[in-house]
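**Student:**
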């Protein structure tokens, strides 16, 4: 099964490639402007290949939370800072931009450019001013002054009615019960799987209450059906399903598949079967 | 003499380009393996750490090594840092020798994802054919 499914979706190095491209481009872009179209070409390639591969090659990826995205966006904010600092150095090169040439006696003598960090009237001057401003903001942030300024400004805006005052938010997502938020089709499959396990394998993975809820819960009012694995049960996790080469009951087509998957279930629940005499039950909660 | 210098420069430039790409590939594998050893609690945190570590390592390898590896800081305030490369500043020679290597490395980086896909698909195809 693993052999005939696509390779696992590896999002990490794609993100790393994007960040690397952005940072290298912003670091050297002003000296080597060719890097900007190359970066655009890289992003196009990544987008194009990702679209195709996610559709036709990779198995469905797990649901990632927003941590990765948020971190990437927050890291990307530093790229323009790199651009400004490095641009100041590139544009301040007097040999290239002020047409300054220092004579050398021998070809192997070092090239003297008379390039210093001191600003002078050149294309680098705006970058110098921007760099100073960035450093000022850094300093203010270190001493916590930016937070105070922000707080003061938002307070003033609230006073003049430009912005709403910060208050506590009470969020009511109008979610139903746990069982009603499992998508109906999956809930029915879980119930059928449970019934089959109880009848054929004598394995009871849910309490009677939970099994009954799976059967009777009203899923018509749910507004946010769950998307991730619904329980910690191994056979509900896409990764584990793949690793154990387990076929959920909804996808089985032959009796041979039934037999093989029964064997997998029995192996997974060996401990449970042994503990059955102690009346231990897995309960998804009431 | 001129042709010899030209050939040497071309060779060094191409070697740098390929070297950067190969080292980036190796770094990626090492980072994924090392972060795997940490055994973070969630897939998201693991992906986050892997992404950031690969990014930092590849950025240092692609950008900073080229910039600092050839730098000469002898006559600057940072003279205590032992960088004794060929370029005291971003001179014309830097633009001629290092610039093209960096541009080529980024160009290779832009099509590298196709190579990566080719390797993944090719491996699968090979083993499926054996099956």
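Chains as they are written, first to last, in the working numbering: chain A, 238 to 523; chain B, 617 to 747. Ideal Cβ positions, reconstructed from N, Cα and C, are used throughout, including at glycine.
Name, going along the chain, the residues of the segment 325–349 of chain A whose beta-carbon falls closer than 9 Å to a beta-carbon of chain B.
**Tutor:** 326, 327, 330, 332, 333, 347, 348 and 349
**Student:** So, helix, strand or coil for residue 368(A), using DSSP?
**Tutor:** Indexing the first chain from 1 puts residue 368(A) at position 131. In this structure, residue 368(A) counts as helix in the three-state DSSP scheme.
**Student:** What are the partner residues of residue 252(A), as DSSP defines its beta bridges?
**Tutor:** Locating residue 252(A) in the first chain gives position 15, where the first residue counts as 1. Beta-bridge annotation (DSSP): residue 252(A) is not paired with any residue.
**Student:** Kindly list, in the order they appear in chain A, the residues whose Cβ is closer than 9 Å to that of residue 617(B).
**Tutor:** Looking up residue 617(B) in the second chain gives position 1. What residue 617(B) touches in chain A: nothing, since even the nearest Cβ is about 12 Å away.
**Student:** Any beta carbon from chain A within less than 8 Å of residue 713(B)'s own beta carbon?
**Tutor:** On the second chain, position 97 is the one that residue 713(B) refers to. Output row for residue 713(B): interface = no.
**Student:** Can you say whether residue 361(A) is buried or exposed, counting buried as having 16 or more other CB atoms within 10 angstroms of its CB?
**Tutor:** In the first chain, the residue the question calls residue 361(A) occupies position 124. The residue is buried, with at least 16 neighbouring Cβ atoms inside 10 Å.
**Student:** Under 8 Å: do the segment 340–350 of chain A and the segment 704–711 of chain B share three or more Cβ pairs, one atom per stretch?
**Tutor:** Put simply, the segment 340–350 of chain A touches the segment 704–711 of chain B. At least three CB pairs are less than 8 Å apart.
**Student:** Under a Cβ-count criterion, where at least 16 other Cβ atoms within 10 Å of its own Cβ denotes burial, should residue 710(B) be classed as buried or exposed?
**Tutor:** The residue labelled residue 710(B) in the question sits at position 94 within the second chain. Flag for residue 710(B) reads buried.
**Student:** Does residue 521(A) come out as helix, strand or coil in the three-state DSSP assignment?
**Tutor:** Here the question's residue 521(A) lines up with position 284 in the first chain. Its pLDDT being 46, under 50, residue 521(A) is placed unreliably in this model, and the coordinates cannot settle the point.
**Student:** If you measure beta-carbon to beta-carbon, which residues of the segment 725–736 of chain B are closer than 9 Å to chain A?
**Tutor:** 725, 726, 727, 728, 729, 730, 732, 733 and 736
**Student:** Is it buried or exposed, residue 431(A), if we count other Cβ atoms within 10 angstroms and call 16 or more buried?
**Tutor:** The residue labelled residue 431(A) in the question sits at position 194 within the first chain. The residue in question, residue 431(A), is buried, as its Cβ has 16 or more Cβ neighbours within 10 Å.
**Student:** Could you check how far apart the C-beta atoms of residue 726(B) and residue 282(A) are, in whole angstroms? I think they sit under 8 Å.
**Tutor:** Counted from its first residue, the second chain places residue 726(B) at position 110. Counted from its first residue, the first chain places residue 282(A) at position 45. Yes, residue 726(B) and residue 282(A) are in contact; Cβ-Cβ is about 6 Å, under 8 Å.
**Student:** Which residue comes first and which comes last in the alpha helix (DSSP H) that contains residue 342(A)?
**Tutor:** Numbered from its first residue, the first chain carries residue 342(A) at position 105. Premise fails: residue 342(A) is in no alpha helix (DSSP H) and is neither H nor E.
**Student:** Report yes if the C-beta distance between residue 268(A) and residue 327(A) is below 8 Å; otherwise report no.
**Tutor:** Residue 268(A) sits at position 31 when you count from the first residue of the first chain. Residue 327(A) sits at position 90 when you count from the first residue of the first chain. Yes, Cβ-Cβ distance for residue 268(A) and residue 327(A) is below 8 Å.
**Student:** Work out the CA separation of residue 294(A) and residue 742(B) for me, nearest whole Å.
**Tutor:** If you number the second chain from 1, residue 742(B) lands on position 126. If you number the first chain from 1, residue 294(A) lands on position 57. For residue 742(B) and residue 294(A), the distance between alpha carbons rounds to 16 Å.
**Student:** Take residue 400(A) and list the residues in its own chain whose beta-carbon comes closer than 7 Å to its own, dropping the five residues that flank it on each side.
**Tutor:** Your numbering for residue 400(A) matches position 163 in the first chain. Contacts found: 391 and 394.
**Student:** Quick one: is residue 468(A) near chain B, going by C-beta distance under 8 Å?
**Tutor:** Counted from its first residue, the first chain places residue 468(A) at position 231. Answer no: the Cβ-Cβ gap between residue 468(A) and chain B never drops below 8 Å.
**Student:** For residue 381(A), which residues in the same chain have their Cβ closer than 6 Å to its Cβ, ignoring the five residues on either side in sequence?
**Tutor:** As a first step, residue 381(A) must be located in the first chain, where it is residue number 144. Taken in chain order, the list of residues that qualify is empty.
**Student:** Can you check which of these residues, 745(B), 733(B), 690(B) and 687(B), is closest to residue 246(A) by C-alpha distance?
**Tutor:** Taking the first residue of the first chain as position 1, residue 246(A) is located at position 9. Comparing Cα positions, the closest option is 733(B).
**Student:** Give me the chain B residues within the contact set of residue 363(A), using Cβ-Cβ distance strictly less than 8 Å, ordered along the chain.
**Tutor:** Counting from 1 along the first chain, the entry for residue 363(A) is found at position 126. For residue 363(A), no chain B residue has a C-beta closer than 8 Å to its own C-beta; the minimum C-beta separation is roughly 19 Å.
**Student:** Between residue 659(B) and chain A, is any beta-carbon pair separated by less than 8 Å?
**Tutor:** As a working note, residue 659(B) is residue 43 in the second chain. Chain A contact via Cβ: present.
**Student:** Does residue 703(B) come out as helix, strand or coil in the three-state DSSP assignment?
**Tutor:** As a working mapping, residue 703(B) is identified with position 87 in the second chain. It is a strand residue.
**Student:** Along chain B, which residues have their Cβ under 7 Å away from the Cβ of residue 290(A)?
**Tutor:** For the purposes of this step, residue 290(A) is identified with residue 53 of the first chain, where counting begins at 1. Neighbours of residue 290(A) in chain B, taken as residues at a C-beta separation under 7 Å, are given in chain order as 733.
**Student:** With a cut-off of 8 Å on the beta carbons, I'd call residue 582(A) and residue 675(B) a contact; round off their distance for me.
**Tutor:** Since the first and last residues shown for chain A are 238 and 523, residue 582(A) lies out of range.
**Student:** Assign residue 411(A) to one of three DSSP states: helix, strand, or coil.
**Tutor:** Here residue 411(A) refers to the residue found at position 174 of the first chain. Residue state, collapsed to three classes: coil.
**Student:** Using C-beta distances below 7 Å, list every residue in its chain close to residue 470(A), excluding the 5 sequence neighbours before and after it, in chain order.
**Tutor:** Here residue 470(A) is taken as the residue at index 233 of the first chain, counted from 1. Excluding positions up to five away in sequence, the list reads 442.
**Student:** Distance, Cα to Cα, residue 690(B) vs residue 731(B)?
**Tutor:** For this step, residue 690(B) is matched to residue 74 along the second chain. For this step, residue 731(B) is matched to residue 115 along the second chain. Those two C-alpha atoms are separated by around 41 Å.
**Student:** I'd like to check one pair, residue 305(A) with residue 663(B): are the Cβ atoms closer than 8 Å?
**Tutor:** Your numbering for residue 663(B) matches position 47 in the second chain. Your numbering for residue 305(A) matches position 68 in the first chain. In this structure, residue 305(A) lies closer than 8 Å to residue 663(B) by Cβ.
**Student:** Going by C-alpha to C-alpha distance, which of 500(A), 449(A) and 467(A) sits closest to residue 524(A)?
**Tutor:** The question about residue 524(A) has no answer, for chain A in this structure spans 238 to 523.
**Student:** Closest to residue 316(A) by C-alpha separation, out of 285(A), 263(A), 325(A) and 358(A), would be which residue?
**Tutor:** Translated into the one-based positions of the first chain, residue 316(A) becomes position 79. Ranking the options by Cα distance to residue 316(A), first place goes to 263(A).
**Student:** Could you tell me the distance, in whole angstroms, from the CA atom of residue 521(A) to the CA atom of residue 665(B)?
**Tutor:** In the first chain, counting from the first residue as 1, residue 521(A) sits at position 284. In the second chain, counting from the first residue as 1, residue 665(B) sits at position 49. Residue confidence is low: residue 521(A) scores 46 on pLDDT, short of 50, so the model does not pin down where it sits. No coordinate-derived value is stated.
**Student:** Between the alpha carbons of residue 251(A) and residue 298(A), how many angstroms are there, rounded?
**Tutor:** Numbered from 1 along the first chain, position 14 holds the residue referred to as residue 251(A). Numbered from 1 along the first chain, position 61 holds the residue referred to as residue 298(A). When rounded, the distance between both Cα atoms is 14 Å.
**Student:** Which bits of chain B does residue 271(A) rub up against, with CB to CB less than 7 Å?
**Tutor:** Residue numbering aside, residue 271(A) sits at position 34 when the first chain is read from its first letter. Residues of chain B passing the Cβ test: 719.
**Student:** Is it the case that the Cβ atoms of residue 296(A) and residue 329(A) are separated by a distance below 8 Å?
**Tutor:** Against the first chain, residue 296(A) aligns to sequence position 59. Against the first chain, residue 329(A) aligns to sequence position 92. Contact: no.
**Student:** Check the Cβ of residue 304(A) against every Cβ in chain B and list those closer than 9 Å, keeping chain order.
**Tutor:** Stepping through the first chain from its first residue, residue 304(A) is reached at position 67. Under the 9 Å cutoff, chain B gives 658, 660, 661, 663 and 664.
**Student:** Nearest CA to the CA of residue 367(A): which residue from 445(A), 320(A) and 279(A)?
**Tutor:** Residue 367(A) sits at position 130 when you count from the first residue of the first chain. If we check each option's Cα against that of residue 367(A), 320(A) comes out closest.
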